[in-house]
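**Q** Under numbering that gives the first Met the number 0, the sequence shown has 211 at position 212, and the numbering climbs by one with no breaks.
The beta carbon of each residue, even a glycine, is placed where N, CA and C say it ideally should be.
I'd like to ask some things about the structure below.
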Amino acid sequence: MMVLQLVDLSEKSPLPEEALRFVSSEKRKRLFHMVREEDKKRGLVGELLIRQAAGRRLEVPLQEVPIRRTRYGKPYIPGAGDFHVNISHSGCFVALAVGSRPIGVDVERMAEIDLKVAARFFTPQEYAYILSFADTRRRLRAFYTLWTLKESYIKAVGKGLSIPLNSFGFRLDDDIRLERGPDREGYRFHTQHLVGGEEYWLSLCYREEGEWRIRRMTEREFYNGLGIL
Ligand code: COA
Ligand code: MG
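Below, the structure is given as structure tokens:
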């Protein structure tokens, strides 16, 4: 069973200072240097989500969860066995995906984009797919579907943007097919629209069979669950 946990930060409450003691000193430093309050809140919730899930797995308190990063920056939990996590944050959402095999998640707020600028991220087939919709709203959805799918895949693989975004492509018919790309066998995808004040798109990339359990909560519910608020 894979789990997608979504925390909705749209309540505009202040960052709970007492939560800072559960994260690493490195993270605290990074949060301290962030200018925007929303960035701090997203960064804090992201790490706490990983600590909460991994803490349950390892049966240790939040602050004792060891979090490392690969040389490409992907967080992982040493000693947790078949336990993989990935997070994404955008706008008012922080998303955590957990599974027993490498996993990737990407959520993006659907800001207006200049399709011409975006063209360089996509394969010619993907770009043609986006342009096949006459309606601007549907084009935007097609754009974010492909964008988040691409991100979810490079995040599952874990090599970041060392895999050029236009070096692999998706075909979207009834199902989602990855047509090129390194080591692409066995990857599966899920993509969906998400509403939280504004419109968002979310994609998941995973390698195991089975169902997703999707849990969505407010910031208050999340912190309550940690015993903080
Ligand atoms: N693999 C998987 N996950 C990674 C990662 C990697 N190599 N490096 C970092 N992450 C995780 C981290 O947990 C990070 O959050 P944290 O720093 O708070 O811990 C999280 O991914 C960030 O994900 P997200 O919120 O979705 O940010 P992003 O979409 O801006 O970036 C990257 C994701 C870093 C993996 C990278 O793909 C990137 O820079 N992408 C943006 C580039 C772009 O222009 N995309 C256009 C697509 S068409
Ligand atoms: Mg992203």
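Could you work out which residue in Gly80, Lys40, Gly159 is closest to Ser89 when comparing CA atoms only?
**A** Residue 89 sits at position 90 when you count from the first residue of the sequence shown. Among Gly80, Lys40, Gly159, the Cα nearest to that of Ser89 belongs to Lys40.
**Q** For a test of your reading of the model: does the CB of Ser202 fall under 7 Å from any non-hydrogen atom of the ligand MG? Yes or no.
**A** To locate residue 202, count along the sequence shown from 1; it is residue 203. No; taking the cut-off as 7 Å, the Cβ of Ser202 has no heavy atom of the ligand MG nearer than that.
**Q** With respect to 7 Å, is the separation between the Cβ of Glu107 and the closest non-hydrogen atom of the ligand MG below this value?
**A** Within the sequence shown, numbered from 1, the residue matching residue 107 stands at position 108. Within the cutoff, so yes.
**Q** Only counting the same chain, and skipping five residues up and downstream in sequence, which positions put a Cβ closer than 7 Å to that of Tyr75?
**A** In the sequence shown, counting from the first residue as 1, residue 75 sits at position 76. Same-chain partners within the cutoff: Arg67, Thr69.
**Q** Just verifying my parser: in three-state terms, what is the DSSP assignment at Tyr71?
**A** Here residue 71 is taken as the residue at index 72 of the sequence shown, counted from 1. Reduced to three states, the DSSP call for Tyr71 is coil.
**Q** Do Arg119 and Ile129 come within 8 Å of each other at the CB atom, strictly closer than that value?
**A** Indexing the sequence shown from 1 puts residue 129 at position 130. Indexing the sequence shown from 1 puts residue 119 at position 120. Cβ distance not < 8 Å, so Ile129 and Arg119 don't count as in contact.
**Q** What residue range does the alpha helix (DSSP H) around Ile102 cover?
**A** By 1-based counting over the sequence shown, the position of residue 102 is 103. From DSSP, Ile102 is part of no alpha helix (DSSP H); its letter is neither H nor E.
**Q** State buried or exposed for Asn85, treating a residue as buried only when at least 16 other CB atoms are found within 10 Å of its CB.
**A** Here residue 85 refers to the residue found at position 86 of the sequence shown. Asn85 is buried by the Cβ-count criterion.
**Q** Buried or exposed: where does Gly168 fall if 16 or more other Cβ atoms within 10 Å of its Cβ makes it buried?
**A** Along the sequence shown, read from residue 1 onward, the residue named residue 168 stands at position 169. Buried is the call here.
**Q** To the nearest angstrom, how far is the alpha carbon of Leu3 from that of Ala94?
**A** Numbered from its first residue, the sequence shown carries residue 3 at position 4. Numbered from its first residue, the sequence shown carries residue 94 at position 95. In a straight line, the C-alpha of Leu3 is about 7 Å away from that of Ala94.
**Q** If we count the other Cβ atoms within 10 Å of its Cβ and call it buried at 16 or more, is Glu229 buried or exposed?
**A** Residue 229 lies beyond the range of the chain shown here (0 to 228); nothing can be said about it.
**Q** Nearest to Ala110 by CA position, among Glu210, Arg214, Gly196, Pro15, is which residue?
**A** Mapped onto the sequence shown, residue 110 falls at position 111. Among Glu210, Arg214, Gly196, Pro15, the Cα nearest to that of Ala110 belongs to Gly196.
**Q** Can you look up Arg41 in the DSSP assignment and give me helix, strand or coil?
**A** Position 42 of the sequence shown, counted from the first residue, corresponds to residue 41. Three-state DSSP puts Arg41 in a helix.
**Q** Check the C-beta distance from Leu61 over to Gly42 and give it rounded, since I have them as a contact under 8 Å.
**A** Translated into positions along the sequence shown, residue 61 becomes position 62. Translated into positions along the sequence shown, residue 42 becomes position 43. Contact flag wrong, Cβ pair sits at about 16 Å.
**Q** Ignore the nearest five residues each way along the sequence and tell me which others in Lys158's own chain have a CB closer than 7 Å to its CB.
**A** For this step, residue 158 is matched to residue 159 along the sequence shown. Answer for Lys158: Tyr71, listed in chain order.
**Q** Since Leu8 contacts Val44 with CB under 8 Å, what's their CB separation in whole angstroms?
**A** Translated into the one-based positions of the sequence shown, residue 8 becomes position 9. Translated into the one-based positions of the sequence shown, residue 44 becomes position 45. Yes, Leu8 and Val44 are in contact; Cβ-Cβ is about 7 Å, under 8 Å.
**Q** In this structure, does DSSP put Glu16 in helix, strand or coil?
**A** Looking up residue 16 in the sequence shown gives position 17. Here Glu16 sits in helix by DSSP.
**Q** Flag Ser89 as yes when its Cβ comes closer than 7 Å to any non-hydrogen atom of the ligand COA, and as no otherwise.
**A** If you number the sequence shown from 1, residue 89 lands on position 90. Yes, since a heavy atom of the ligand COA falls inside the 7 Å radius drawn around the Cβ of Ser89.
**Q** When the distance is taken between beta carbons, is Leu171 closer than 8 Å to Thr144?
**A** Numbered from 1 along the sequence shown, position 145 holds the residue referred to as residue 144. Numbered from 1 along the sequence shown, position 172 holds the residue referred to as residue 171. Yes, they are a contact pair.
**Q** Residues in its own chain within less than 6 Å of Thr122 by CB, not counting five upstream and five downstream?
**A** Position 123 of the sequence shown, counted from the start, is the residue given in the question as residue 122. Excluding positions up to five away in sequence, the list reads Asn165, Gly168.
**Q** Only counting the same chain, and skipping five residues up and downstream in sequence, which positions put a Cβ closer than 7 Å to that of Arg27?
**A** Translated into the one-based positions of the sequence shown, residue 27 becomes position 28. Answer for Arg27: Leu19, listed in chain order.
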